[in-house]
Amino acid sequence: MNDRRKMFIYGGIIGLIAAILMKYGNPGNMGICVACFYRDIAGALGLHRAPIVQYIRPEIIGFILGAFIIAVAKGDFKSRGGSSPLIRFFLGFFLVIGALVFLGCPLRMILRLANGDLNALTGLLGYLIGIFIGIQFLKKGYTLGSAGNQPKISGFIMPVVAIALLIFLIIKPDFIFFSEEGPGSMTAPVLLALILGMVVGAILQRSRICTAGAFRDMMLIRDSHFLWGIIGIFVVNLIANLVLNFESFNLGFVDQPVAHADHIWNILGMILTGICSVLLGGCPVRQTILAGEGDADAGITVLGIIIGAAFAHNFGLASSPKGVTSNGKIAVIIGIVVVLVIAISVVKERNCKLQKKESEIHG
Amino acid sequence: MAKIVDARGRSCPEPVIMTKNAIDSNPNEAIKVVVNAYVAVENITRFAKSKGYKVNVEENGDEYTLDIRK
Numbered sequence: 001m002n003d004r005r006k007m008f009i010y011g012g013i014i015g016l017i018a019a020i021l022m023k024y025g026n027p028g029n030m031g032i033c034v035a036c037f038y039r040d041i042a043g044a045l046g047l048h049r050a051p052i053v054q055y056i057r058p059e060i061i062g063f064i065l066g067a068f069i070i071a072v073a074k075g076d077f078k079s080r081g082g083s084s085p086l087i088r089f090f091l092g093f094f095l096v097i098g099a100l101v102f103l104g105c106p107l108r109m110i111l112r113l114a115n116g117d118l119n120a121l122t123g124l125l126g127y128l129i130g131i132f133i134g135i136q137f138l139k140k141g142y143t144l145g146s147a148g149n150q151p152k153i154s155g156f157i158m159p160v161v162a163i164a165l166l167i168f169l170i171i172k173p174d175f176i177f178f179s180e181e182g183p184g185s186m187t188a189p190v191l192l193a194l195i196l197g198m199v200v201g202a203i204l205q206r207s208r209i210c211t212a213g214a215f216r217d218m219m220l221i222r223d224s225h226f227l228w229g230i231i232g233i234f235v236v237n238l239i240a241n242l243v244l245n246f247e248s249f250n251l252g253f254v255d256q257p258v259a260h261a262d263h264i265w266n267i268l269g270m271i272l273t274g275i276c277s278v279l280l281g282g283c284p285v286r287q288t289i290l291a292g293e294g295d296a297d298a299g300i301t302v303l304g305i306i307i308g309a310a311f312a313h314n315f316g317l318a319s320s321p322k323g324v325t326s327n328g329k330i331a332v333i334i335g336i337v338v339v340l341v342i343a344i345s346v347v348k349e350r351n352c353k354l355q356k357k358e359s360e361i362h363g
Numbered sequence: 001m002a003k004i005v006d007a008r009g010r011s012c013p014e015p016v017i018m019t020k021n022a023i024d025s026n027p028n029e030a031i032k033v034v035v036n037a038y039v040a041v042e043n044i045t046r047f048a049k050s051k052g053y054k055v056n057v058e059e060n061g062d063e064y065t066l067d068i069r070k
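Respectively, the protein sequence lines represent chains A and R. 80 is the number that our numbering gives to position 80 of the first sequence; each next residue is one higher, with no gaps. 67 is the number that our numbering gives to position 67 of the second sequence; each next residue is one higher, with no gaps.
Here it is in structure tokens:
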């Protein structure tokens, strides 16, 4: 089959699944949202106490287990890691703060756009700017260093964490929090969400689709391979919404579900998310998939995302439909400064080393 | 002897950028790229073919060597 068509179909299945999950109970334009779902999980674990966003999202468990199973079956599973873990943790931390100021991960941004929310267009503009900024560092030699082999057990940790979360979800112990109102209470049936999540995990593992990679490769090497996956998500989600969720389709900027129309901060939030995604080598959903196939660096990134999401609510950084908070604005600015400082110092140090090496050779 | 690019353990998209830099600096010379993730093999192969190069992949235990030439 034609390569582009294959990517389009892979993406299309994800777009279809997102529409189905929304139809069966997930919040508006949130069939899938990796940032929001980790935020809900952080809340369910009591890491933050915002009562309206606490739930163990089975979709996330499905992404990890689906990716894990297919990676083992296809020989892609490999325990690896050790490439600047602490930097990755904080890139994940700030990535999710940017996403929660915008109110959605890059994948939800595509889904919001496919249901008429034009605020996602300003978000997309920010994401593209962020990716462009990140690419400038890649061109100058930015790297977080090589990952190496890790003990095999390391690769199983995130899949086991996913299973532990599933057990908590099923037996509902007292120490796990479940929202009674708000987005955290709007949920697709557990089994449906888990199975469809596993399908998404398997498809993303096989196709390697990444929202950041799609735009990055277009800008960096003029390769539209992954972009066709994103186009597939958008087009099929749009059509599926018109069929399944017609009453919720609303073209415009106002009255959009779990969104706000503060354009500047939609852009700046997604600039932060875009830079972090490029510096990490993948967007939040891609990190989740990699964490399922044995990549400990992606596992650390996921932990950074969960902790960042918890802080976003503990410190009042996350936006709400009412708009952006002043703490959120400060956090986005701090985040952009911090990740730029990280990227600049990595590039500087590397170029110093290269110069030294050259002067030794010629000297 | 072909220039060797060692992109083992590098995260996406560094192996492709390293390959691109090696090709750009000497477009007519063959290069060998060593990686240890199949994703990198796919990405580099797609990139090199789009630039009109022939790619031959050799599997060696955990590692892959891509032979890229005109």
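From the three backbone atoms N, C-alpha and C, an ideal C-beta is built for every residue, glycine too.
The alpha helix (DSSP H) runs of length 4 or more contained entirely in the region 2-49 of chain R are, from start to end of the chain, 14-25. Non-local C-beta neighbours of R/VAL16 in its own chain, meaning closer than 7 Å and more than five positions away in sequence, comprise ASN43, ILE44, PHE47, ordered along the chain. Flagged as an interface residue toward chain R: A/SER146, by a C-beta distance shorter than 8 Å. Taking C-beta separations shorter than 6 Å and ignoring five residues to either side along the sequence, the partners of R/THR65 in its chain run LYS32, VAL34, GLU58, following chain order. Close to chain A, meaning a Cβ-Cβ distance shorter than 8 Å, are the following residues of the region 12-29 of chain R: CYS12, PRO13, GLU14, VAL16, ILE17, LYS20. Within chain R, no C-beta atom comes less than 9 Å from the C-beta of A/GLY292; the nearest is roughly 14 Å away. For R/THR65, DSSP records a beta bridge to R/VAL34, R/GLU58. Considering only beta carbons, the part of the region 38-57 of chain R lying closer than 7 Å to chain A consists of TYR38, VAL39, ARG46, PHE47, SER50, in chain order. Among the CB atoms of chain A, none fall inside 8 Å of the CB of R/GLY61. In the structure shown, the three-state DSSP call for A/ASP295 is strand.
Here A/ARG80 carries a strand assignment [DSSP, helix/strand/coil]. Apart from sequence neighbours up to five positions away, the residues of its chain that approach A/MET218 with a beta-carbon distance below 8 Å are SER224, LEU227, ordered along the chain. Remark: C-beta atoms of A/THR301 and A/LEU91 approach each other more closely than 8 Å. DSSP, read as helix, strand or coil, puts A/ASP3 in helix. Taken in chain order, the unbroken stretches of alpha helix (DSSP H) that lie wholly in the region 177-251 of chain A and span 4 residues or more are 190-207, 211-221, 225-244. The C-beta of R/ARG10 comes closer than 8 Å to at least one C-beta of chain A. Taking 8 Å as the cut-off, the beta carbon of A/ILE97 is found closer than this to the beta carbon of A/GLY335. Under the 8 Å criterion on CB atoms, A/THR211 is classed as non-interfacial with respect to chain R. Between A/LEU194 and A/ILE20, the C-beta spacing is not below 8 Å. In the three-state scheme derived from DSSP, where H, G and I count as helix and E and B as strand, A/SER319 is classed as coil.
Beta-bridge partners assigned by DSSP to A/ASN149: A/ARG80. Within chain R, the C-beta atoms nearer than 7 Å to that of A/GLY282 come from CYS12, in chain order. Contact of A/THR143 with chain R by beta-carbon distance below 7 Å involves ARG10, GLU14.
The beta carbon of A/TYR55 lies closer than 8 Å to those of ASP40, ILE41, GLY43, ALA44, PHE178, SER179, GLY184, SER185, THR187 in the same chain, with the five residues before and after it left out. At least 8 Å separates the beta-carbon of A/ASN119 from that of A/ASN2.
Along the region 219-232 of chain A, going in chain order, the ones with a CB nearer than 9 Å to a CB of chain R are LEU220, ILE221, ARG222, ASP223, HIS225. Contact annotation for A/ARG350 against chain R: no contact, minimum CB-CB distance about 12 Å [criterion: below 9 Å]. Contact annotation for A/LEU138 against chain R: PRO13, GLU14, ILE17 [CB-CB distance below 8 Å, chain order]. In this structure, the alpha-carbon of A/LEU16 lies about 26 Å from that of A/ILE163. Looking at the backbone, the Cα of A/ASN237 and that of A/GLY66 are separated by about 21 Å. In terms of beta-carbon proximity, A/SER83 lines the interface with chain R, with at least one pair separated by less than 8 Å.
In the displayed model, A/ASP262 falls within coil according to three-state DSSP, outside both helix and strand. No residue range can be given for A/ALA114, since it is assigned to no alpha helix (DSSP H) and is classified by DSSP as neither H nor E. DSSP places A/THR325 outside both helix and strand once states are collapsed to three, so it counts as coil.
In summary, A/LEU204 is buried, with 16 or more beta-carbon neighbours lying within 10 Å of its beta-carbon over all protein chains present. A/ARG216 belongs to the set of residues whose beta carbon lies under 8 Å from a beta carbon in chain R.
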